[in-house]
Amino acid sequence: MDTQIIPVSPYLLSTPTFVAAVAIFLMGLLAFLRERFSMVSAAFFCMTLFLAIYYIAFSQMYRAATEDAALKWAKAAYLGVPFIPTAAYHFAAAALGIYEKHRKGLVVTWMLSFLFSAVIIGTDTVIGGMFHYRWSYYPKYSAWSIPFLVFFFSVTALSLYLYVSEYRKASDGAQKHRIRLFIVNTAIAYAGVVDFIPKFGISAYPFGYLPMFIFVGLSLNIVVRYFLVDITPAFAAKEIIDIMDDVLLVLDHKGIIRLANPAGARLFGCTENELKGKPAGIFFDDPLFSERFDVLIGGGTLRNYEVSIRKGQSAPSTLSLAATVKRDKEGKPAAVICIARDISERKRMEEAIKHQAYHDSLTGLPNRVLFADHLALALRQVHYHEGKLAVMFLDLDTFKSINDTLGHAFGDKLLQSVAARIKGCIRGTDTVARIGGDEFIVLLPYIVQERDAAMVAGKILSLMKEPYRIEGCEISVTASIGISICPDDGEDGETLMKNADSAMYHVKERGRNNYAFFSAYREAGAAARE
């Protein structure tokens with residue numbers, strides 16, 4: 001006589017299974033995003049993904065109205081089931097830092113997982129039909145399921161073996177505590193074996209989603225909370241890290257920040273937790289940072305490397321960065337320890353000293369030294385392109401009497417105003433410098449003909465004639481300008497400056513408030529000698 005089946009609402013099993021599947025997937029995704037795609041988080045995400053596929057498919061199988069529909073969902077679950085033990089094995093190897101040692105074994109198990117998935121979905125070899133229990137349909141395993149079950153439980157047992165083996169090797173401390181948690185966690189997951197019992201005709205309620213949900217939740221906590229604990233103590237005691245003025249960053253081999261001290265958080269304008277999980281490169285204003293990091297990972301060194309950091313709208317800071325790589329037993333990079341010191345104030349002082357060395361303190365214009373550098377560079381370009389440039393020597397007329405009559409403070413303000421007017425008459429590629437007293441010199445590179453220099457000189461003289469209003473007084477001043485052209489009047493800086501000076505004195509002798517080319521002065525001198 002047939003046993004009467006007392007039906008139970010399919011939602012009684014389908015709903016909690018589906019909810020658990022979604023929660024498991026979201027926990028895996030959270031770890032993946034939080035840990036910024038580390039190997040541990042990637043393996044954990046894969047494991048949760050395959051678990052989610054399994055439970056989502058089974059949740060739909062429980063709701064199926066016909067045996068054919070239930071069978072389709074049962075087979076769909078094997079897009080995930082064969083991969084679960086392999087993903088767990090991969091996760092264990094990554095979390096324990098022994099991935100390289102088990103690389104070949106992982107390749108084999110992944111290949112076998114694909115093979116079993118294809119066989120179970122594509123044939124009726126393993127799943128020979130469906131049982132119809134009072135709570136739902138459930139897949140029926142045939143004798144051919146034995147190879148798959150051996151594979152499934154052997155790989156699962158291998159993961160537990162790895163945890164136990166590494167636990168025995170670990171010294172007391174955070175690492176050993178973390179592995180102990182993984183062992184307990186894996187033992188909880190083994191309760192999920194109850195899901196295999198109904199596949200052999202025993203009507204055991206398949207509550208495996210519950211221990212697997214607990215397993216994933218506890219694993220997430222371990223990944224997020226304890227992943228760095230084995231790195232931190234090797235570098236410095238926490239008390240020292242917290243009080244040190246220098247910035248300490250610990251990065252993984254991909255450049256993701258895993259640890260930051262309070263000094264680093266203050267410098268970057270965020271909390272230590274906000275720094276964790278972010279790529280270090282986003283804080284540095286250096287397009288070559290990634291390249292230098294790769295060189296460091298490859299065995300290079302990084303000492304006294306200056307890099308600017310982004311700090312929103314505030315002025316950028318400059319860091320002096322030193323870094324070293326901590327490697328595992330296989331020589332693979334495990335972490336990068338960076339020490340950085342804020343040298344912004346020192347750089348500002350250096351820039352100020354450099355500015356003083358190359359600029360006139362009164363007008364802020366380049367001085368004779370910087371002008372000579374600009375002239376030397378322009379001469380090289382002129383010689384290379386066979387072009388022309390002009391040097392203009394400018395001296396104020398009657399400035400000495402103004403200075404003596406109205407005082408040096410007044411004279412200084414007049415010089416500042418004159419400098420501003422001259423600067424307003426030239427291009428951005430030109431240079432105007434104050435070389436002492438009331439003397440200025442102008443460099444005009446990239447001119448085509450003498451007329452270009454004459455136009456600039458005329459513009460300066462015209463603007464000079466306009467009255468200056470200083471301290472309530474209105475005063476006018478004129479200037480005399482001498483011009484030399486390269487290559488006609490000389491091909492080196494010293495000759496060009498000397499000849500421009502000579503042409504300027506020629507203007508002084510001829511009545512001032514004008515300009516003259518050295519070539520005209522030279523011709524006038526030759527005519528006078530004749």
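In the numbering used here, the protein residues as written are 1 to 530.
For glycine and all other residues, C-beta sits at the position ideal for the given N, C-alpha and C.
For this session: Kindly indicate which three-state DSSP category LEU365 falls into: helix, strand or coil?
Result: It is coil, neither helix nor strand.
Exercise. Excluding sequence positions up to five away, which residues of its chain have a Cβ less than 6 Å from the Cβ of ILE53?
Worked result: Hits under 6 Å: LEU79 and GLY80.
For this session: For GLY28, count neighbouring Cβ atoms within 10 angstroms of its own Cβ and tell me buried if that reaches 16, exposed if not.
Result: Taking every protein chain shown into account, the CB of GLY28 has 16 or more other CB atoms within 10 angstroms, so this residue is buried.
Problem set entry | Sheet register partners of PRO333 (DSSP bridge) | Beta-bridge pairing links PRO333 to ARG327.
For this session: Find out if the Cβ-Cβ distance for the pair LEU375, LEU443 is shorter than 7 Å.
Result: With respect to LEU443, LEU375 sits close: the two C-beta atoms are nearer than 7 Å.
For this session: Please report the residue range of the beta strand (DSSP E) in which ASP294 lies.
Result: The continuous stretches of beta strand (DSSP E) do not include ASP294, which lies in the alpha helix (DSSP H) extending over residues 289 to 297.
Exercise. Terminal residues of the continuous alpha helix (DSSP H) containing ASN304?
Worked result: Membership of ASN304 in any alpha helix (DSSP H) is not indicated; the residue belongs instead to the beta strand (DSSP E) covering 302 to 309.
For this session: Let me know the secondary structure DSSP gives ALA57 once reduced to three states.
Result: Judged by DSSP in its simplified three-state form, ALA57 adopts helix.
Exercise. Between the Cα of ALA74 and the Cα atoms of PRO85, ILE84, SER59 and ALA88, which residue gives the shortest distance?
Worked result: Of the listed residues, the one whose Cα sits closest to ALA74 is SER59.
Problem set entry | Strand pairing of PHE196, partner residues [DSSP] | Answer by DSSP bridge pairing: none, since PHE196 is not bridged.
Exercise. Given that a residue counts as buried once 16 or more other Cβ atoms are within 10 Å of its Cβ, and exposed if not, what is PHE518?
Worked result: With a 10 Å radius around the Cβ and a threshold of 16 neighbouring Cβ atoms, PHE518 comes out buried.
Problem set entry | Length of the line joining the Cα atoms of ALA234 and ILE98 | Residue placement at ALA234 is flagged as unreliable, the pLDDT there being 37, under the threshold of 50; a coordinate-derived value is accordingly withheld.
Problem set entry | Outcome for VAL301 when other beta-carbon atoms lying within 10 angstroms are tallied against a minimum of 16 | Per the sequence shown, residue 301 should be read as Thr rather than Val. Exposed, by the Cβ-count rule.
Problem set entry | Whole alpha helix (DSSP H) elements within the segment 380 to 411, 4-residue minimum | If one requires a minimum length of 4 residues, the alpha helix (DSSP H) runs lying completely within the segment 380 to 411 are 399 to 406, in chain order.
For this session: Determine contact between the segment 318 to 331 and the segment 83 to 94, defined as no fewer than three beta-carbon pairs at a distance below 8 Å.
Result: Segments in contact, no.
Problem set entry | Per DSSP, cross-strand counterpart(s) of ALA372 | None; ALA372 has no bridge partner.
Exercise. For the alpha helix (DSSP H) that contains TYR89, what are its first and last residues?
Worked result: Annotation for TYR89: the continuous alpha helix (DSSP H) segment containing it runs 84 to 95.
For this session: Have a look at THR109, GLU100, LEU96 and PRO279 and flag the residue whose alpha-carbon is nearest the alpha-carbon of ALA87.
Result: Checking every option, the nearest Cα to that of ALA87 belongs to THR109.
Exercise. If you drop the 5 nearest sequence neighbours on each side, which residues of the same chain put their C-beta closer than 7 Å to that of SER502?
Worked result: Excluding residues within five positions, the ones whose Cβ falls inside 7 Å are GLY482, PHE518 and TYR521.
For this session: Report, in whole angstroms, the separation of the C-beta atoms of VAL336 and LEU210, which I expect to be a contact under 8 Å.
Result: LEU210 and VAL336 do not touch by the CB rule: their CB atoms are close to 41 Å apart, not below 8 Å.
Problem set entry | Alpha-carbon to alpha-carbon, ASP438 and ASN513 | Roughly 14 Å separates the two Cα atoms.
Problem set entry | THR15 vs TYR55 beta-carbon contact at 7 Å | Between THR15 and TYR55, the gap from beta carbon to beta carbon reaches 7 Å or more.
Exercise. Ordered along the chain, which non-local residues of its own chain (more than five positions away) have a Cβ less than 7 Å from that of LEU275?
Worked result: Hits under 7 Å: ILE257, ALA260, GLY264, ALA265 and PHE268.
Exercise. Taking the alpha carbon of THR186 as the point to measure from, which residue in PRO85, ALA77 and LEU49 has its own alpha carbon closest?
Worked result: Of the residues PRO85, ALA77 and LEU49, the one whose Cα lies closest to the Cα of THR186 is PRO85.
Exercise. Which first and last residues belong to the beta strand (DSSP E) in which VAL250 is found?
Worked result: Residues 247 to 251.
Exercise. Counting contacts by CB-CB distance shorter than 7 Å, is ALA454 in contact with chain B?
Worked result: The structure shown contains no chain B; it holds only a single protein chain.
For this session: Rank VAL216, SER38 and ILE183 by C-alpha distance to the C-alpha of LEU49 and give the top, closest one.
Result: Among VAL216, SER38 and ILE183, the Cα nearest to that of LEU49 belongs to VAL216.
Problem set entry | Sub-7 Å separation of PHE371 and ALA433 beta-carbons | The answer is yes: Cβ separation under 7 Å.
Problem set entry | Cross-strand partners of ALA433 (DSSP beta bridge) | Beta-bridge pairing links ALA433 to ILE441.
Exercise. Under the criterion of a Cβ to heavy atom distance below 6 Å, does ASP242 qualify as lining the ligand NAD?
Worked result: With respect to the ligand NAD, the structure offers nothing, as it holds no ligand at all.
Exercise. Between the C-alpha atoms of LYS465 and ALA352, what's the straight-line distance to the nearest angstrom?
Worked result: In this model, LYS465 and ALA352 are separated by some 35 Å (Cα to Cα).
Exercise. Nearest CA to the CA of ILE24: which residue from HIS385, GLY208, GLN449 and TYR515?
Worked result: If we check each option's Cα against that of ILE24, GLY208 comes out closest.
For this session: Buried or exposed for ARG529, please, with buried defined as at least 16 other CB atoms from any protein chain shown within 10 angstroms of its CB.
Result: Confidence at ARG529 is low in this model, with a pLDDT of 45, below 50, so the placement of that residue is unreliable and no value is reported for it.
For this session: List the whole-angstrom C-beta distance separating ASP397 from SER480, where the pair is believed to meet the contact cut-off of C-beta under 8 Å.
Result: Indeed they touch by this definition, with Cβ atoms about 6 Å apart.
Exercise. Any chance the segment 138 to 157 sits against the segment 192 to 199, with 3 or more Cβ pairs inside 8 Å?
Worked result: The segment 138 to 157 is in contact with the segment 192 to 199.
Exercise. Can you tell which of ALA409, ASN221 and ALA280 has the C-alpha that lies nearest to the C-alpha of LEU248?
Worked result: Closest option to LEU248, judged by alpha-carbon separation, among ALA409, ASN221 and ALA280: ALA280.
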